[in-house]
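Novice: Attaching a single structure in structure tokens format; questions to follow.
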Amino acid sequence: MRAVQLVKFGEPREALQYTDLPDPKPGPGEVVVKIEAAGVCGRDLVVRKGAFPHVKPPVVPGHEGVGRVVEVGPGVEKELVGARVFLSAVYDGTCEYCRRGLENLCRNAELLGESRHGTYAEYVLLPARFVHPFHGVDPRAAVVATCPLSTAVYALRHVDVDGRRVLVVGAGGTGLYIAQLASVRGGEVYVSTRSREKAKVLSELGIKTAGEGDKDFDVVVDTVGSPTFERSLKLVKRNGVVVVIGNVTGERALISPALIILRQVKVVGSMAFRPWDIYEALDLLKRGLIRPFYTEYRLEDAARAHEDMERGIVFGRAVLIP
Ligand SMILES: [Zn+2]
Ligand SMILES: [Zn+2]
2 MRAVQLVKFG
12 EPREALQYTD
22 LPDPKPGPGE
32 VVVKIEAAGV
42 CGRDLVVRKG
52 AFPHVKPPVV
62 PGHEGVGRVV
72 EVGPGVEKEL
82 VGARVFLSAV
92 YDGTCEYCRR
102 GLENLCRNAE
112 LLGESRHGTY
122 AEYVLLPARF
132 VHPFHGVDPR
142 AAVVATCPLS
152 TAVYALRHVD
162 VDGRRVLVVG
172 AGGTGLYIAQ
182 LASVRGGEVY
192 VSTRSREKAK
202 VLSELGIKTA
212 GEGDKDFDVV
222 VDTVGSPTFE
232 RSLKLVKRNG
242 VVVVIGNVTG
252 ERALISPALI
262 ILRQVKVVGS
272 MAFRPWDIYE
282 ALDLLKRGLI
292 RPFYTEYRLE
302 DAARAHEDME
312 RGIVFGRAVL
322 IP
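Shown next, in the form of structure tokens:
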């Protein structure tokens, strides 16, 4: 099969190699999915740079994928063949977190594209219970539901935004959806972005761009991380909530704990999403409540997609089409 492999950590063109790999064969309980569209996540860039010690090249990157089941192994219902599915992380379903419905925090999670081969490929092999059938959404748009929009769905479960002033820091792959969803949920939403293009599209959706003097937000959702964290703590109201979901640069943030204590700020981390958050995300797309944004790339152009993302010139999700 055609695939892009992370062969070493570093710059896109050295790290990502377009190559041929053996077609996967399903063992007992497994399925093979032919990928129709794979998303390039901000996390993939961090993985490529070598920030996660559990990632050992060579590995096929990518955790965002939509496709059709083309082959099933022994013990899997044959009816699944042909179904359009999205893929999820592999979790054990038995640890203390899984049992509490926090599969996103599973102790034994295996992330696609990190500890097992991911979606930058023609085919992906997975245990059947981690492929989830759906219909009614175009595969490229559905990729948006498999991570950025489901991350937004989960992030906004931690905080009530109805009738509140909400600032979304960063209008990148995920920020675009947090802003839209916070607006759908009744928030008065501002976005801080340097991109005029993104600001314009968001303004058409009723979302304002935060100016210099805008502060005292009830809720700040920080999708960037270290470079913006301190500012986010200052822009939230006293007793307000800062939800942190992004760590784009992977660097450390140096902040004074006094900022959190004296202004009594609640800082909430939100880690990815669970499979059923993806179903809710798909439903939001189906009902036309959220506009999916994506830019298509051929699979072989994955390195260029990474470069474009680093330059901040991709609007919405970069979606790889094998
Ligand atoms: Zn992602
Ligand atoms: Zn678990």
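Each residue of the sequence shown is one higher than the one before, counting from 2 in our numbering.
Glycine residues also receive a C-beta, built at the ideal position from the N, C-alpha and C atoms.
#1: For glutamate 78, does the three-state DSSP call read helix, strand or coil?
#2: Going by Cα to Cα distance, which pick from Leu157, Glu213 and Ala146 is closest to lysine 287?
#3: Is any non-hydrogen atom of ligand 2 found closer than 7 angstroms to the C-beta of glutamate 111, if you look at the structure I gave you?
#4: Considering only residues of the stretch 207-237, which uninterrupted beta strand (DSSP E) runs meet the minimum length of 3 residues and lie entirely inside it, listed in chain order?
#5: Keeping to the same chain, check which residues put their C-beta closer than 6 angstroms to that of alanine 84; ignore five residues upstream and five downstream.
#6: Span of the alpha helix (DSSP H) holding tyrosine 155?
#7: Between arginine 239 and leucine 113, what straight-line distance do the alpha-carbon atoms span, to the nearest angstrom?
#8: Find the nearest neighbour of valine 268 within the set Ser151, Gly226, Ile291 and Ser193, judged by alpha-carbon distance.
#9: With contact counted as at least three CB pairs below 8 angstroms, one residue from each stretch, are the stretch 266-280 and the stretch 240-254 in contact?
#10: Can glycine 137 and arginine 318 be called in contact, C-beta distance under 8 angstroms?
#11: Using beta-carbon positions only, say whether alanine 211 and valine 192 come within less than 8 angstroms of one another.
#12: Identify whether isoleucine 322 lies in helix, strand or coil by the three-state DSSP scheme.
#13: Whose CA, out of Gly63, Val48 and His64, lies closest to the CA of lysine 57?
#14: Quick one: any contact between the stretch 154-164 and the stretch 25-36, if contact means 3 or more CB pairs under 8 angstroms?
#15: Quick check: the Cα distance between arginine 264 and aspartate 217, rounded to an integer number of angstroms?
Specialist: If we stick to the structure as given:
#1: In the sequence shown, the residue the question calls residue 78 occupies position 77. Coil, per DSSP.
#2: Counting from 1 along the sequence shown, the entry for residue 287 is found at position 286. Of the candidates Leu157, Glu213 and Ala146, the one whose C-alpha sits nearest the C-alpha of lysine 287 is Ala146.
#3: For the purposes of this step, residue 111 is taken as the residue at position 110 of the sequence shown. Checking the Cβ of glutamate 111 against ligand 2 gives no.
#4: 218-223
#5: To locate residue 84, count along the sequence shown from 1; it is residue 83. Counting only Cβ-Cβ distances below 6 angstroms, and skipping sequence neighbours, we find Val70 and Pro134.
#6: Locating residue 155 in the sequence shown gives position 154, where the first residue counts as 1. Where tyrosine 155 is concerned, the enclosing alpha helix (DSSP H) stretches over 149-156.
#7: If you number the sequence shown from 1, residue 239 lands on position 238. If you number the sequence shown from 1, residue 113 lands on position 112. Cα to Cα, the separation comes out at about 39 angstroms.
#8: Counting from 1 along the sequence shown, the entry for residue 268 is found at position 267. The shortest C-alpha separation from valine 268 is found at Gly226.
#9: yes
#10: As a position in the sequence shown, residue 137 is number 136, starting the count at 1. As a position in the sequence shown, residue 318 is number 317, starting the count at 1. No. Outside cutoff.
#11: Within the sequence shown, the letter at position 210 stands for residue 211. Within the sequence shown, the letter at position 191 stands for residue 192. Their beta carbons are under 8 angstroms apart, which means alanine 211 touches valine 192 by this criterion.
#12: In the sequence shown, counting from the first residue as 1, residue 322 sits at position 321. Here isoleucine 322 sits in strand by DSSP.
#13: Here residue 57 refers to the residue found at position 56 when the sequence shown is read from its first residue. Selected option, being the one with the closest Cα: Val48.
#14: no
#15: For the purposes of this step, residue 264 is taken as residue 263 along the sequence shown, with counting starting at 1. For the purposes of this step, residue 217 is taken as residue 216 along the sequence shown, with counting starting at 1. Using only the alpha carbons, I get a separation of about 11 angstroms.
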